[in-house]
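Engineer: Numbering (the numbering used here), first residue to last: 1 to 133. In this text, a Cβ means the ideal position worked out from N, Cα and C, and glycines have one as well. Next up is a structure, given as structure tokens.
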């Protein structure tokens, strides 16, 4: 039994990609400058799910899931990411976006009242999320 010859012409052609734009506006997701963050907790049990932070100096803001919160924290990220992206699209500074989020809720989580805290940079918030404390 013999195999039919395969057409390999496509593999020999150059591939060309057409840029469709930069995508939606986004805040930077890391900064070495000071930031503020809010603690997001589970609405039913009160467990910490993660932190949403912002810093105006580098036009940066992001959601950081708490490592020990597992899948709930990862799922929660979609809500906070979308809210931050919407704020950036409206052209508001990260600190104002954080202020808007201070009374926000999602399906699973809510901002812990009075939790606005300063941090030296975004890595400090990430370390907090990883430490589980």
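Terminal residues of the continuous alpha helix (DSSP H) containing residue 98?
Structural biologist: First-last of the alpha helix (DSSP H) with residue 98: 94-101.
Engineer: Please classify residue 43: is it buried, with 16 or more other beta-carbons within 10 angstroms of its beta-carbon, or exposed?
Structural biologist: By the 10 Å Cβ count, residue 43 comes out exposed.
Engineer: Return helix, strand or coil for residue 36, following the three-state DSSP convention.
Structural biologist: If DSSP states are grouped into helix, strand and coil, residue 36 belongs with the strands.
Engineer: Give the range of the beta strand (DSSP E) segment to which residue 50 is assigned.
Structural biologist: Looking at the DSSP string, the run of the beta strand (DSSP E) that includes residue 50 is 48-55.
Engineer: Please go through the same chain and pick out, in chain order, the residues whose beta-carbon is closer than 7 Å to the beta-carbon of residue 120, but skip the five residues on each side of it.
Structural biologist: Closer than 7 Å at the Cβ level, and outside the excluded window around residue 120, lie 34.
Engineer: Excluding five sequence neighbours on each side, which residues of the same chain lie with their C-beta closer than 7 Å to the C-beta of residue 94?
Structural biologist: Only 27, 54, 55, 56, 59, 60 and 61 meet the Cβ criterion.
Engineer: Tell me whether the beta-carbon of residue 109 lies closer than 8 Å to the beta-carbon of residue 41.
Structural biologist: Yes, these two residues count as a Cβ contact at 8 Å.
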